[in-house]
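Numbering (the numbering used here), first residue to last: 5 to 329.
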């Protein structure tokens, strides 16, 4: 699951070669331009981005483990509330001097963030982590195709669709998603749609609010939206010390640690390179699901994930070439 994106510039998720996200999928000050000396050189920045992806996906795996205690909605509440608290304390955003339109933008950003997280966690409560992230990535990929209006990206989208067909075409589900729970797959696709919306509103928020102020405020909105759902599902279980501790662990793995690693990487790496590396998230998610949750994959599952990763990387590279032309 993607961590929240920077409000200081557009996010750069798989299949979207956007301007540099400061603390891409996190909070940031806009300093991570990746254009300074040595940008993109050496293995160090690559290792940081991959480590951030590992942290995010293993955080999602930990979330699956505590869902029996707090439910999917409860885990979302714990993660968003913890992240909002940290961001508000660190950023101390100003609330005066903004127009009604600015507040509408940050509200929409928060709604998209809440929807993205809520739907994704409902998905991984029902289907394995690898397929869930693979289906979710289709949202940014579709956005890339729509924005670029290039024939080559339509071809990349077709390749991704082939991966989805492989992912859904085997097993005995009988509802078009084979061995995958149809509702879980639908939640993953919904999370992808919300991810695309969240990319759009992240960019708009970054133009309205300085530094990471917009992100902190949007995270607070997302936490408030998720709170009644989490209370309704988990109730007093949210206050059990062990559950709180595990929820904090999810927030650290899925938010705080990857924010820091990505910020360090983006100071030394061009945004397009970062976007291509982010395309590896479905593979990292599949590995986390296997190692932590014993979610084995078939050869067809692995091939399906590989096709979607290739499509994401191809879409990013085609946008890089378009901008360079």
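Virtual Cβ for every residue (Gly too), placed ideally from N, Cα, C.
Collapsed DSSP secondary structure at residue 298 in the structure displayed: As a first step, residue 298 is located in the chain shown; it is residue number 294 there, counting from the start. It is coil, neither helix nor strand.
Continuous beta strand (DSSP E) assignments of at least 3 residues falling wholly in the region 83-160: none
Could you check how far apart the C-beta atoms of residue 57 and residue 288 are, in whole angstroms? I think they sit under 8 Å. To locate residue 57, count along the chain shown from 1; it is residue 53. To locate residue 288, count along the chain shown from 1; it is residue 284. Contact flag correct, Cβ pair sits at about 5 Å.
Alpha helix (DSSP H) segment containing residue 211, residue limits: As a first step, residue 211 must be located in the chain shown, where it is residue number 207. Per DSSP, residue 211 belongs to the alpha helix (DSSP H) from 186-212.
Out of 238, 83, 280 and 97, point me to the one whose CA is closest to residue 117's CA. For the purposes of this step, residue 117 is taken as the residue at position 113 of the chain shown. Among 238, 83, 280 and 97, the Cα nearest to that of residue 117 belongs to 83.
Among the candidates 299, 295, 265 and 224, whose CA atom is the shortest distance from the CA of residue 92? Numbered from 1 along the chain shown, position 88 holds the residue referred to as residue 92. Comparing Cα positions, the closest option is 224.
Check for me: the alpha helix (DSSP H) holding residue 234 runs from which residue to which? Here residue 234 refers to the residue found at position 230 of the chain shown. 217-238 is the extent of the alpha helix (DSSP H) around residue 234.
Tell whether a beta-carbon distance below 8 Å holds between residue 199 and residue 132. Taking the first residue of the chain shown as position 1, residue 199 is located at position 195. Taking the first residue of the chain shown as position 1, residue 132 is located at position 128. Taking 8 Å as the Cβ cut-off, residue 199 and residue 132 do not qualify as a contacting pair.
Indicate whether the contact test is met: 3 or more Cβ pairs, each with one atom in the region 210-221 and one in the region 87-105, closer than 8 Å. yes
Under 8 Å Cβ to Cβ from residue 257, same chain only, skipping five residues before and after it: list those, please. Here residue 257 corresponds to residue number 253 of the chain shown, with the count starting at 1. Hits under 8 Å: 59, 60, 62, 63 and 66.
Pick out whichever of 77, 315 and 48 has its Cα sitting closest to the Cα of residue 242. Numbered from its first residue, the chain shown carries residue 242 at position 238. The shortest Cα separation from residue 242 among 77, 315 and 48 belongs to 77.
Give the single residue among 139, 229 and 110 whose Cα lies nearest to the Cα of residue 213. Indexing the chain shown from 1 puts residue 213 at position 209. When each option's Cα is compared against that of residue 213, the closest is 110.
Give the secondary structure of residue 73 by DSSP, where H, G and I count as helix, E and B as strand, and everything else as coil. Here residue 73 is taken as the residue at index 69 of the chain shown, counted from 1. Secondary structure of residue 73 (DSSP, three-state): helix.
By the three-class DSSP mapping on this structure, what secondary structure does residue 179 have? Locating residue 179 in the chain shown gives position 175, counting from the first residue. With a pLDDT of 36 at residue 179, under the threshold of 50, the predicted position of this residue should be treated as unreliable, though the coordinate-derived value follows. It is coil, neither helix nor strand.
Exposed unless 16 or more other CB atoms sit within 10 angstroms - verdict on residue 28: On the chain shown, residue 28 is found 24 positions in, with the first residue counted as 1. Confidence is the limiting factor: at residue 28 the pLDDT is only 32, short of 50, which leaves the residue's position unreliable, though a coordinate-based value still follows. With 16 or more other Cβ atoms within 10 Å, it is buried.
Rounded to whole angstroms, how far is the Cβ of residue 49 from the Cβ of residue 321, which I believe are closer than 8 Å? Reading the chain shown from its first residue, position 45 is the one you call residue 49. Reading the chain shown from its first residue, position 317 is the one you call residue 321. About 18 Å separates the two Cβ atoms, so there is no contact after all.
Where residue 243 falls: helix, strand or coil (DSSP): Within the chain shown, numbered from 1, the residue matching residue 243 stands at position 239. Helix.
Using 10 angstroms around the beta-carbon of residue 150, count the other beta-carbons present and answer buried if the total reaches 16, otherwise exposed. Locating residue 150 in the chain shown gives position 146, where the first residue counts as 1. Looking at its Cβ environment, which holds fewer than 16 other Cβ atoms inside 10 Å, residue 150 is exposed.
Beta-carbon spacing of residue 141, residue 266 below 8 Å: Taking the chain shown and counting its residues from 1, the one referred to as residue 141 is at position 137. Taking the chain shown and counting its residues from 1, the one referred to as residue 266 is at position 262. The answer is no: Cβ separation not under 8 Å.
Under the three-state reduction of DSSP, which class applies to residue 274: helix, strand or coil? Here residue 274 refers to the residue found at position 270 when the chain shown is read from its first residue. Three-state DSSP puts residue 274 in coil, outside helix and strand.
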